[in-house]
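J.:
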Amino acid sequence: MLRTKIKITLLFISLLFLFCSENPKSVKDVMDKTVTHIYQTMSKDEIKKLTNDDVMKLFSDDELEVLATRYWMFDVNVPVLVSVMRETGQKIVPFWLTKYGFTKTDMIVKNELNTFEVWQKEFPAGHIGLGINGFDGYGRHYFVSVQPVNSNDKLIMSNFYPANQFVGKMDVGAFTYHDWDELVLTEVPESLKGGKLLTTIRGRAREAHLLGAFRDTPFPSSSKPDQIMLTWGKDPKTTQSIQWRTNTSIKQGIVKYCLEGDEGNFKEVKAEIKVMEDRLLQNDRYINRYTAVIDNLKPGTKYNYKVGDPKTNNWSATAEFITAPESSEPFSFVYFGDTHKSTEFGELINAAYNRFPEVAFYSIGGDLVSTGLHRDDWDQLFEYSANVIKNRPLMSVLGNHDDQNGLGAWMYADLFDLPKNGKADLPKEYLYSFEYSNALFIMLAATLPISEQTSWLEEQLKNSSAKWKFAMFHFPPYTYDDDYPVIRKEWGDLFDKYHVDMVFSGHVHYYMRSKPIYAQKPVKNPADGTIYVISIAVSNRERQMKKEDFVQVRFAGEYLYQKIDIDGNELKYNAYNSDGKVLDSFKIKK
Ligand SMILES: [Fe+2]
Ligand SMILES: [Fe+2]
């Protein structure tokens, strides 16, 4: 059931964006135009002080009609009663409810946290259009139920916009938000029970958000390339992906690269440009994001490169990348738990890079930022790590904060070029795997359905002859304060079967290293089980923690990074804080 719901959400999101961008009289068109008008005619101070009454005056009558009737649409074959469940905590009632003839009833619907008032209106058979959730970005989005006026009629609903509408049954126990399907209805009036329930995602509240909605990035783009970042979208031995940004005044992007020190012999690769928009980012609404992929490189080789635009002669300083070795060689990588675009993460990654320049690449276990669809969050993450990630690849997994309120993690996918070898029917780059030297890295998407990734995970493990096997994903399978039995069962069994050496997670904002675990029980030797690590790269509070028999080392109140050194049959693990103090350490010998 959960699987179906998430699948439908993903379809819903992709079609939502498709439709929004193509429909000439859409809510998106109206909002895009209005935001542009606001930028052209108001000061930042005026924008900040905008009230609901001010906002209503910005739209023409035609535009208000689009906002009132083209946000959520469907057709019905018989006369119906439409009920709109509006959360009572939302201070301003969306304007279209009264203006378009809905009546507030005395009925109340409740879920475990919220109370909704019920607004109703009868419609004849045919097309029905409903309006926006308001200009306030209110997170408890309204939801809808539809019943035939004549109880003998068989109601058929069709032609939904957004497409792929999930239709549930209005009753106690039903969920209303795909991005929070544990939150279910606890109180439903008898007269509404059995109606067709139209669910939504909380993220839709952003579609008309204007009040208190505008943001500034502390690091706006310019005509000079910045946010230069290495990843591996393809084979780390022979390719290198390089990404960066400029403002939209620049029309092309080139990478010049050469063998280390051979700057007379540059080769060039052209980058693809994607214009990225964050409509409410008032000082940097549009940027160019560049992705260049260099192929046919020599394994185990250091190169120099710079990025820029020959026309304006804006070039970055020279940086470096190193391809993965052809065969097994000693190497190191660094793992961070949640980073949340923090300056603490900046401290850590710079300390790690300065002290251990030999580290081949860096990984973050999700929650890279705090609001995944705010580009200013990513600007901070890239700024604080700029000196490192232009010289060493960043290979990360997604956390719940990178994927926002059911709207997906499309900004992450646009910003990072990661391997597209994940499961075919799941979003690209959310899960992937790669090999480096004698190690396999399996990067899973804990925010997507767990069981849908299991067969893919098994294929990666089965088809690899790597000596060392690691998995990374955001939600920790072993922790006292959040329980993930599905992960322990679905993935844990495979970690046992194929002997995955270590699993890295985050999310709970403290540090933990487990004893080796097999069949969900602690065992003596790393040869017999998997070691599970949880880490955190942002300041966190000390706390009382429940005793658990699988814990080897655990503490809160420190932010830290883990360096893992692999040399043939030996693994050395050290956890450091930014001062270089060792907070945890162990070895595995195969
Ligand atoms: Fe987090
Ligand atoms: Fe998290």
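Each residue of the sequence shown is one higher than the one before, counting from 4 in this note's numbering. Quick reminder that beta carbons are idealized off the backbone N, C-alpha and C, glycines included.
Could you tell me which of T108, K124, V79 sits nearest to W99, measuring between CA atoms?
T.: For the residues T108, K124, V79, the minimum Cα distance to W99 belongs to K124.
J.: Counting only runs of 3+ residues fully inside the segment 55-110, write out the beta strand (DSSP E) ranges in chain order.
T.: List check, beta strand (DSSP E) in window: 75-79, 83-90.
J.: Tell me the DSSP secondary structure of P488 in three-state form.
T.: If DSSP states are grouped into helix, strand and coil, P488 belongs with the helices.
J.: Could you tell me which whole beta strand (DSSP E) segments of length 3 or greater appear in the segment 463-526?
T.: Listed in chain order, they are 471-475, 505-508, 514-517.
J.: What is the DSSP secondary structure of W235, counted as helix, strand or coil?
T.: Of the three classes helix, strand and coil, the one that applies to W235 here is coil, per DSSP.
J.: Spatial neighbours of P97 within its chain, please: C-beta separation below 7 Å, excluding the five flanking residues on both sides.
T.: Excluding residues within five positions, the ones whose Cβ falls inside 7 Å are G134, I135, N136, G137.
J.: Under three-state DSSP, which class holds G206?
T.: In this structure, G206 counts as helix in the three-state DSSP scheme.
J.: Go ahead and label P27 buried or exposed: buried means 16 or more other beta carbons lie within 10 angstroms of its beta carbon, across all protein chains shown.
T.: At P27, the pLDDT of 48 sits below 50, so the modelled position is not reliable and the matter cannot be decided from this model.
J.: In the DSSP assignment, the alpha helix (DSSP H) including N353 goes from what residue to what residue?
T.: Per DSSP, N353 belongs to the alpha helix (DSSP H) from 346-358.
J.: Can you grab the Cα-Cα spacing for the pair T203 / P165, in whole Å?
T.: Rounded to the nearest angstrom, the two C-alpha atoms are 10 Å apart.
J.: Tell me the DSSP secondary structure of N153 in three-state form.
T.: In this structure, N153 counts as coil in the three-state DSSP scheme.
J.: Can you give the Cα-Cα distance for D420 and W235, rounded to whole angstroms?
T.: Between D420 and W235, the C-alpha separation is close to 7 Å.
J.: For G132, write down the residues that DSSP places opposite it in a beta bridge.
T.: Looking at the DSSP assignment, G132 forms a beta bridge with M76.
J.: Measure how close the beta-carbons of A363 and F334 come, nearest whole angstrom, since I'm counting them as under 8 Å.
T.: Correct: roughly 5 Å between the Cβ atoms.
J.: Helix, strand or coil for L200? Go by DSSP, reduced to three states.
T.: Correct three-state label for L200: strand.
J.: Quick one: what's D229 bridged to in DSSP?
T.: Answer is R248.
J.: Can at least three beta-carbon pairs, one atom from the segment 391-405 and one from the segment 283-296, be found at a separation below 8 Å?
T.: In short, these stretches do not touch, since the Cβ pair count stays below three.
J.: Cα separation between R89 and M398?
T.: Distance between the alpha carbons of R89 and M398: 42 Å.
J.: Exposed or buried, what is P360 when buried is set at 16 or more other beta-carbons lying within 10 Å of its beta-carbon?
T.: Looking at its Cβ environment, which holds fewer than 16 other Cβ atoms inside 10 Å, P360 is exposed.
J.: Classify Q547 as helix, strand or coil using the three-state DSSP reduction.
T.: Residue state, collapsed to three classes: coil.
J.: Applying the 10 Å Cβ sphere with the 16-neighbour rule, what's the burial state of V121?
T.: Label assigned to V121: buried.
J.: How should Y514 be labelled, buried or exposed, when 16 other C-beta atoms within 10 angstroms of its C-beta is the threshold for buried?
T.: Classification of Y514: buried, given that the 10 Å Cβ count is 16 or more.
J.: If we ignore side chains and look at the alpha-carbon of each, how far apart do P228 and P396 end up?
T.: Whole-angstrom Cα-Cα distance: 18 Å.
J.: Smallest Cα separation from R516: which of Y487, F498, P479?
T.: Ranking Y487, F498, P479 by Cα distance to R516 puts P479 first.
J.: Between the C-alpha atoms of E573 and K590, what's the straight-line distance to the nearest angstrom?
T.: Going from the Cα of E573 to the Cα of K590 covers about 7 Å.
J.: With a threshold of 7 Å on Cβ separation, who are the neighbours of F105 within its own chain once the five nearest residues in sequence on each side are excluded?
T.: Excluding positions up to five away in sequence, the list reads V87, W122, Q123, K124.
J.: So that I know if they touch, is there some Cβ in chain B lying closer than 7 Å to that of T189?
T.: The chain inventory of the structure shown lacks chain B, comprising one protein chain alone.
J.: Would you decide whether S581 is buried or exposed? Buried here means 16 or more other CB atoms lie within 10 Å of its CB.
T.: Counting Cβ neighbours within 10 Å, S581 comes out buried, since at least 16 surround it.
J.: Kindly indicate which three-state DSSP category P27 falls into: helix, strand or coil?
T.: With a pLDDT of 48 at P27, under the threshold of 50, the predicted position of this residue should be treated as unreliable, though the coordinate-derived value follows. P27 falls in the coil class under three-state DSSP.
J.: Do you know how far the Cα of Y415 is from the Cα of E347?
T.: Cα to Cα, E347 sits roughly 21 Å from Y415.
J.: Around the Cβ of R544, are there at least 16 other Cβ atoms within 10 angstroms (buried) or fewer (exposed)?
T.: Under this definition R544 is an exposed residue.
J.: Is G402 a contact residue of ligand 2, with contact defined as CB to any heavy atom under 6 Å?
T.: At least one heavy atom of ligand 2 is nearer than 6 Å to the Cβ of G402, so yes.
J.: Is DSSP giving K51 helix, strand or coil here?
T.: Looking at K51 - three-state DSSP - the assignment turns out to be helix.
J.: Output the boundary residues of the alpha helix (DSSP H) element that contains F385.
T.: Where F385 is concerned, the enclosing alpha helix (DSSP H) stretches over 378-387.
J.: Would you kindly work out how many angstroms separate the C-alpha atoms of M475 and F217, rounded to a whole number?
T.: Each residue's alpha carbon lies about 35 Å from the other.
J.: Is DSSP giving A448 helix, strand or coil here?
T.: Of the three classes helix, strand and coil, the one that applies to A448 here is coil, per DSSP.
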